[in-house]
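One structure below.
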Amino acid sequence: MYDILTNIFGNQIVAYIIGAALPLFVWILPFVLFAVLGERKVSAHMQDRLGPMRVGYHGILQTVADLLKLLQKEDIVTPAADRKLFNLAPYIVFLGSYAAFAAIPFSSIYIGSGIEVGIFYILAVSSFVVVGILMGGWASDNKYSLLGAMRSAAQIVSYEIPTAIVVLTLVMLTGTLNLNTISQQQTAYFWNWNILGGAAGSGITQILLIPFMVIAFVILFISTLAEVNRTPFDIPEAESELVAGFHTEYSGMKFAMFFLSEYANMFAVSAIVVTLFFGGYQSPFGYLGNSLGIPWLIPVEQLFWFLAKGVFFVFVQMWLRWTLPRLRVDQLMTVCWKYLIPYAVFNLLIVGIISLL
Amino acid sequence: MKKYLKNTWDGIWTVLIGMKVTFKHLFVPAVTIQYPDVKLPLPERARNRLYVNIDDCIGCLQCERACPVDCIHIDTVKGLPTDDLGTTSNGKKKALWVTKFEIDIAKCCYCSLCVYPCPTECIYMTDVYEFSEYKRQDLIYNFSTLTPNEVEQKKINYEKFMAEKAAAKAKAAAEKAAAAKAKPPVDPNKNNQKSE
Numbered sequence: 001m002y003d004i005l006t007n008i009f010g011n012q013i014v015a016y017i018i019g020a021a022l023p024l025f026v027w028i029l030p031f032v033l034f035a036v037l038g039e040r041k042v043s044a045h046m047q048d049r050l051g052p053m054r055v056g057y058h059g060i061l062q063t064v065a066d067l068l069k070l071l072q073k074e075d076i077v078t079p080a081a082d083r084k085l086f087n088l089a090p091y092i093v094f095l096g097s098y099a100a101f102a103a104i105p106f107s108s109i110y111i112g113s114g115i116e117v118g119i120f121y122i123l124a125v126s127s128f129v130v131v132g133i134l135m136g137g138w139a140s141d142n143k144y145s146l147l148g149a150m151r152s153a154a155q156i157v158s159y160e161i162p163t164a165i166v167v168l169t170l171v172m173l174t175g176t177l178n179l180n181t182i183s184q185q186q187t188a189y190f191w192n193w194n195i196l197g198g199a200a201g202s203g204i205t206q207i208l209l210i211p212f213m214v215i216a217f218v219i220l221f222i223s224t225l226a227e228v229n230r231t232p233f234d235i236p237e238a239e240s241e242l243v244a245g246f247h248t249e250y251s252g253m254k255f256a257m258f259f260l261s262e263y264a265n266m267f268a269v270s271a272i273v274v275t276l277f278f279g280g281y282q283s284p285f286g287y288l289g290n291s292l293g294i295p296w297l298i299p300v301e302q303l304f305w306f307l308a309k310g311v312f313f314v315f316v317q318m319w320l321r322w323t324l325p326r327l328r329v330d331q332l333m334t335v336c337w338k339y340l341i342p343y344a345v346f347n348l349l350i351v352g353i354i355s356l357l
Numbered sequence: 358m359k360k361y362l363k364n365t366w367d368g369i370w371t372v373l374i375g376m377k378v379t380f381k382h383l384f385v386p387a388v389t390i391q392y393p394d395v396k397l398p399l400p401e402r403a404r405n406r407l408y409v410n411i412d413d414c415i416g417c418l419q420c421e422r423a424c425p426v427d428c429i430h431i432d433t434v435k436g437l438p439t440d441d442l443g444t445t446s447n448g449k450k451k452a453l454w455v456t457k458f459e460i461d462i463a464k465c466c467y468c469s470l471c472v473y474p475c476p477t478e479c480i481y482m483t484d485v486y487e488f489s490e491y492k493r494q495d496l497i498y499n500f501s502t503l504t505p506n507e508v509e510q511k512k513i514n515y516e517k518f519m520a521e522k523a524a525a526k527a528k529a530a531a532e533k534a535a536a537a538k539a540k541p542p543v544d545p546n547k548n549n550q551k552s553e
């Protein structure tokens, strides 16, 4: 991919900068605009309402109008706030969620950085979000912000454990940390996807693996949902208890950055789930480019399948949000420590035994 | 252990049931009404903004008297015998110029008590309910169709007419008095009969 960009722009540095900025401007910003509206529409229709209807056809330009409004808003910093940390926090949060996109394979030719430790890097770098959130909550000098930030830190740190164990299960099965390689292993048809046993196993092993892969998927989905602070795990910003949690004191563009990183994060964790379990960018039915004999169509199709699967899981996250009420703090910890972690560990053992067979 | 497994199963199963319910609701038609574009039909006898059909008003002040919050103010000037004020829709002849008919709709309590006594049914409730204004002054509705000049003219006309009438009366009285002086009455009964 970088070769193509270097050929176009003639300079390697420029090519790398553009390659790094591509996901942000080509995908994340349009996706956030679409996802915020989608969230409001999904919530509205699940509650038999209509949602935004006035700006554009069925309100499709509502988010654009909201963004313009946020741009014009006064940038308030409270007098008691720690200015430096307060101003830095939203960008650190966004940095954490955007850095994860570097190792996500969007297509076989587009991967920001094809590093061998891809999934490990993503798990590590997404912890940046905790730093940003704690920073924002602390610097706001507001009890609600601080409480929200503390809860958020406790939650994200706890839920990283089941995530890591499930990722370990997958790494053990596939034998690699590289997300691109994991995607390539699940090529051809959907029965090669890891959720259905993966391509590595043969015959009976693959069938034996299916229930355990489903369990692994459920655990990973729940714990990543908790890591991005979405309902039913949104206690860091529980509006009925904490006003708005860690971003209570933020306004204008800084608030928009928190919002942007929340939605970017939603897609990032969906992308991880898709890559690990649902074939990454692989098409479930084979490629049109292959049957028509047009080789350049294949990466485009792969991009389409990847984004479609990712958006589907974002939809499932929204669906869950408007289905379930928020968990209590002790329930949240119970779910993580008493249920997810034991299941994840047993799952790891059983998958290990099966893959030895 | 059995309870633990059952808890897990219940947790997952109940979430799936909940998701099924919300998914079904995705396809249930919305109950929202796009208000300014689509409006619910009002009940037949809904009471909203008052309206006065001033062509039918005879200036009888019955509505003003019926109003419990005194939001109706009416001034009238008597018409001259030579003026043609027209008739109301139910055939009554109008005798008064309605020089002022103001309803302070900000005060109106929509009780509809002014509607019942109206003899010509010219004041009634309409189904208009969107009439908010930025200034309170704009909520005082004036239904009189006469311009201030016309009102002034009517008043002057009436005063002139009354003055003429008074003058005529005075003149008649003076003549009478003169006649009486010239020929003092002898018999009051006789005089009465004469005047008849």
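Chains A and B, in that order, give the protein sequences. Note that the first sequence covers residues 1 to 357 in our numbering. Note that the second sequence covers residues 358 to 553 in our numbering. Just so you know, even glycine gets a beta-carbon here, dropped at the ideal spot from N, CA and C. Being a predicted model, the structure only gives us computed values, none of them experimental.
Quick check: the Cα distance between Ile182 of chain A and Phe221 of chain A, rounded to an integer number of angstroms?
For the purposes of this step, residue 182 of chain A is identified with residue 182 of the first sequence, where counting begins at 1. For the purposes of this step, residue 221 of chain A is identified with residue 221 of the first sequence, where counting begins at 1. If you draw a straight line from the Cα of Ile182 of chain A to the Cα of Phe221 of chain A, it is about 18 Å long.
Please tell me whether Gly118 of chain A and His247 of chain A are closer than 9 Å, where the distance is taken between their beta carbons.
In the first sequence, counting from the first residue as 1, residue 118 of chain A sits at position 118. In the first sequence, counting from the first residue as 1, residue 247 of chain A sits at position 247. Against a cut-off of 9 Å, the Cβ pair of His247 of chain A and Gly118 of chain A comes out as no contact.
Can you confirm whether the region 202 to 209 of chain A touches the region 324 to 338 of chain A when touching is taken to mean that 3 or more C-beta pairs between the two stretches lie within less than 8 Å?
no
Consider the Cβ of Val388 of chain B: report whether some Cβ of chain A lies at a distance smaller than 9 Å.
Residue numbering aside, residue 388 of chain B sits at position 31 when the second sequence is read from its first letter. By this cut-off, Val388 of chain B is an interface position.
Is the Cβ-Cβ distance between Ser113 of chain A and Pro299 of chain A less than 9 Å?
Here residue 113 of chain A is taken as the residue at index 113 of the first sequence, counted from 1. Here residue 299 of chain A is taken as the residue at index 299 of the first sequence, counted from 1. Contact: no.
Starting from Trp454 of chain B, follow its DSSP beta bridges and name the residues at the other end.
Residue mapping note: residue 454 of chain B aligns to position 97 of the second sequence, counting from 1. BP columns for Trp454 of chain B point to B:Val434.
By the 7 Å beta-carbon criterion, what residues does the region 328 to 350 of chain A contribute toward chain B?
Tyr339
In the DSSP assignment, find the unbroken beta strand (DSSP E) run with Leu407 of chain B in it and report its ends.
One-based indexing of the second sequence puts residue 407 of chain B at position 50. Here the beta strand (DSSP E) through Leu407 of chain B covers Leu407 to Val409.
Can you grab the Cα-Cα spacing for the pair Ile165 of chain A / Gly286 of chain A, in whole Å?
Numbered from its first residue, the first sequence carries residue 165 of chain A at position 165. Numbered from its first residue, the first sequence carries residue 286 of chain A at position 286. C-alpha separation (whole angstroms): 31 Å.
Taking the C-alpha atoms as reference points, what is the distance between Leu260 of chain A and Arg402 of chain B?
The sequence position of residue 260 of chain A within the first sequence is 260, counting from 1. The sequence position of residue 402 of chain B within the second sequence is 45, counting from 1. Pairing Leu260 of chain A with Arg402 of chain B, the inter-Cα distance amounts to about 52 Å.
Decide if Arg422 of chain B is buried, meaning its Cβ has at least 16 other Cβ atoms within 10 Å, or exposed.
Counted from its first residue, the second sequence places residue 422 of chain B at position 65. Classification for Arg422 of chain B: exposed.
If we define contact as Cβ-Cβ less than 9 Å, is Leu383 of chain B a contact residue for chain A?
Walking along the second sequence from the start, residue 383 of chain B turns up at place 26. Yes - at least one Cβ of chain A is within 9 Å of the one on Leu383 of chain B.
Taking contact to mean 3 or more Cβ pairs, one atom from each stretch, closer than 8 Å, check whether the region 460 to 470 of chain B and the region 370 to 382 of chain B are in contact.
Short answer: they don't touch.
When you compare only the Cα positions, how much space is there between Lys396 of chain B and Ile390 of chain B?
Translated into the one-based positions of the second sequence, residue 396 of chain B becomes position 39. Translated into the one-based positions of the second sequence, residue 390 of chain B becomes position 33. Their backbone Cα atoms lie some 7 Å apart in a straight line.
Report the neighbours of His45 of chain A on chain B: residues whose CB is nearer than 9 Å to its CB, in chain order.
Position 45 of the first sequence, counted from the first residue, corresponds to residue 45 of chain A. Result: His382, Leu383, Phe384, Val385 and Ala387.
Among A:Val316, A:Met257, A:Lys143 and A:Leu179, which one has its Cα closest to the Cα of Phe94 of chain A?
Numbered from its first residue, the first sequence carries residue 94 of chain A at position 94. Nearest C-alpha to Phe94 of chain A: A:Met257.
With a threshold of 16 other CB atoms inside 10 Å of the CB of Ser489 of chain B, please say whether the residue is buried or exposed.
Walking along the second sequence from the start, residue 489 of chain B turns up at place 132. Exposed, by the Cβ-count rule.
Would Asn364 of chain B count as contacting chain A if we go by Cβ distances under 9 Å?
Taking the first residue of the second sequence as 1, we reach residue 364 of chain B at position 7. Asn364 of chain B counts as touching chain A.
Going residue by residue through the region 246 to 310 of chain A, where are the continuous alpha helix (DSSP H) segments of at least 4 residues, counting only ones entirely within it?
Correct list: 252 to 277 and 288 to 292.
Based on DSSP bridge pairs, tell me the residues matched to Tyr189 of chain A.
Position 189 of the first sequence holds residue 189 of chain A. Tyr189 of chain A pairs with A:Phe285.
Looking at Cys479 of chain B and Asp432 of chain B, is the spacing between their C-beta atoms short of 9 Å?
Residue mapping note: residue 432 of chain B aligns to position 75 of the second sequence, counting from 1. Residue mapping note: residue 479 of chain B aligns to position 122 of the second sequence, counting from 1. No, Cβ-Cβ distance for Asp432 of chain B and Cys479 of chain B is not below 9 Å.
Quick check for students: name the residue ranges of the beta strand (DSSP E) that lie wholly in the region 366 to 435 of chain B, counting only runs of 3 or more.
With a minimum length of 3 residues, the continuous beta strand (DSSP E) runs that stay inside the region 366 to 435 of chain B are 407 to 409 and 429 to 435.
Cβ atoms of Lys69 of chain A and Pro52 of chain A: under 9 Å apart, would you say?
Position 52 of the first sequence holds residue 52 of chain A. Position 69 of the first sequence holds residue 69 of chain A. Pairing Pro52 of chain A with Lys69 of chain A gives a Cβ-Cβ distance that is not under 9 Å.
Taking the C-alpha atoms as reference points, what is the distance between Val314 of chain A and Ala268 of chain A?
Numbered from 1 along the first sequence, position 314 holds the residue referred to as residue 314 of chain A. Numbered from 1 along the first sequence, position 268 holds the residue referred to as residue 268 of chain A. So the two alpha carbons sit approximately 9 Å from each other.
Does the beta-carbon of Lys551 of chain B have 16 or more other beta-carbons within 10 angstroms, so that it is buried, or is it exposed?
Sequence index remark: in the second sequence, residue 551 of chain B carries index 194 (1-based). Unreliable placement is indicated for Lys551 of chain B, whose pLDDT of 47 sits below 50; the coordinate value is still reported in the next sentence. With fewer than 16 other Cβ atoms within 10 Å, it is exposed.
Strictly under 9 Å for the Cβ-Cβ distance: is Met53 of chain A near chain B by that measure?
Here residue 53 of chain A corresponds to residue number 53 of the first sequence, with the count starting at 1. Answer yes: the Cβ-Cβ gap between Met53 of chain A and chain B drops below 9 Å somewhere.
Exposed or buried, which one is Tyr57 of chain A when buried takes at least 16 other CB atoms within 10 Å?
On the first sequence, position 57 is the one that residue 57 of chain A refers to. So Tyr57 of chain A ends up on the exposed side.
Do three or more CB pairs link the region 138 to 154 of chain A to the region 236 to 253 of chain A at distances below 8 Å?
yes
Cβ closer than 7 Å: which chain B residues qualify as neighbours of Leu324 of chain A?
Position 324 of the first sequence, counting from 1, holds the residue named residue 324 of chain A. Within chain B, the residues near Leu324 of chain A are Val372 and Gly375.
Work out the CA separation of Glu116 of chain A and Gln12 of chain A for me, nearest whole Å.
Here residue 12 of chain A refers to the residue found at position 12 of the first sequence. Here residue 116 of chain A refers to the residue found at position 116 of the first sequence. Approximately 22 Å between the Cα atoms of the pair.
Assuming contact is defined by CB atoms lying nearer than 9 Å, are Ile415 of chain B and Thr477 of chain B in contact in what I supplied?
Taking the second sequence and counting its residues from 1, the one referred to as residue 415 of chain B is at position 58. Taking the second sequence and counting its residues from 1, the one referred to as residue 477 of chain B is at position 120. Taking 9 Å as the Cβ cut-off, Ile415 of chain B and Thr477 of chain B qualify as a contacting pair.
In chain A, what lies closer than 8 Å to Thr379 of chain B by C-beta?
The count along the second sequence starts at 1 and reaches residue 379 of chain B at position 22. The answer, in chain order, is Met46, Trp319, Trp322 and Thr323.
Taking only beta-carbon atoms, is Gly416 of chain B less than 9 Å away from chain A?
As a first step, residue 416 of chain B is located in the second sequence; it is residue number 59 there, counting from the start. Judged by the 9 Å Cβ criterion, Gly416 of chain B is not in contact with chain A.
Strictly under 9 Å for the Cβ-Cβ distance: is Gln419 of chain B near chain A by that measure?
What you label residue 419 of chain B is simply residue 62 of the second sequence in a count that begins at 1. It does not: the Cβ of Gln419 of chain B has no partner Cβ on chain A nearer than 9 Å.
Can you check whether the CB of Ile104 of chain A is closer than 9 Å to the CB of Thr275 of chain A?
Locating residue 275 of chain A in the first sequence gives position 275, counting from the first residue. Locating residue 104 of chain A in the first sequence gives position 104, counting from the first residue. Yes.
Where Phe31 of chain A and Thr63 of chain A are concerned, what is the direct C-alpha to C-alpha distance, given to the nearest angstrom?
Counting from 1 along the first sequence, the entry for residue 31 of chain A is found at position 31. Counting from 1 along the first sequence, the entry for residue 63 of chain A is found at position 63. Roughly 11 Å between the two C-alpha positions.
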